[in-house]
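Okay, structure first, notes after.
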Amino acid sequence: MDKKKELFEKILRDRYKSIQFATANITPSSYDSLEAYERSTKGSGRVLMVMNDEMARVAISWPEVSKEFDYSNITSVRDDKKQWEILWDCVSYSRKEWIDLCGVSIKVFNRCLKPLVGHKLIFPDGTLNKWLSLWMDWKVISLVNSMRED
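Going letter by letter, the sequence shown gives residues 8 to 157 in the numbering used here.
If you want it as structure tokens, here you go:
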């Protein structure tokens, strides 16, 4: 089973996590230009999508959700869409737990989940896309700064 787990992690790392729209070089001082950068790239839909607070709540709670993994059916395929589905088929989690954690309605949760998974903003291993993580950090920093001003 360890070989299957290694394959799962390798596919996720090499095929999906390594392609992050060059966000690894973004520093806190460049947060202001991040949205402009993303708009000029093919990822522009992602910027606008994650600006939705409900979607952010669903995404930010994903790492906290209890997960179980079954790597028995993991395989490497060329088709990107099929590979992504195979990776997600390896993880099981409680939708109820996730909905309770993020504090949104079932309807809102269902509306947010598909684009988060489909646009690879959340990963089946419980991690978040690097850009999404940076955006979440920026939101927290902005909130803290606004509290200091009061």
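We put the beta carbon where it would ideally sit given N, CA and C, even for glycine. As the structure is a prediction and not an experimental result, all values here were calculated from the model.
Assuming residue i and residue j are in contact, meaning their beta carbons sit under 8 Å apart, how far apart are those beta carbons, in whole angstroms?
| i | j | result |
| --- | --- | --- |
| L139 | L128 | 5 Å |
| V72 | E104 | 6 Å |
| L19 | S83 | Going by Cβ atoms, the distance from L19 to S83 rounds to 11 Å, so no, they are not a contact pair. |
| W10 | S79 | Looking at the sequence shown, residue 10 is not Trp but Lys. Not confirmed; about 11 Å, so no contact. |
Name the one or two DSSP bridge partners that residue i has.
| i | result |
| --- | --- |
| E75 | S99 |
| I129 | L135 |
When you compare each of the options to residue i by their alpha carbons, which one comes out closest?
| i | options | result |
| --- | --- | --- |
| T134 | V147, K146, S149, K24 | K24 |
| S70 | S112, V84, V98 | It should be noted that the sequence gives Pro, not Ser, for residue 70. Of the candidates S112, V84, V98, the one whose C-alpha sits nearest the C-alpha of P70 is V98. |
| N59 | K88, L123, I18, I106 | L123 |
| W161 | S68, G125, A66 | No statement about residue 161 is possible, as the shown extent of the chain runs from 8 to 157 and does not include it. |
| A63 | V147, D87, Y78 | V147 |
| L108 | E75, K89, A66, R85 | A66 |
| D77 | G110, E16, D87, D21 | E16 |
| D86 | S153, S68, N152, R22 | R22 |
| S68 | S101, I81, V151 | S101 |
| I81 | L141, W145, P131 | P131 |
Could you spell out where the alpha helix (DSSP H) holding residue i opens and where it closes?
| i | result |
| --- | --- |
| F15 | 9–18 |
| S68 | 60–68 |
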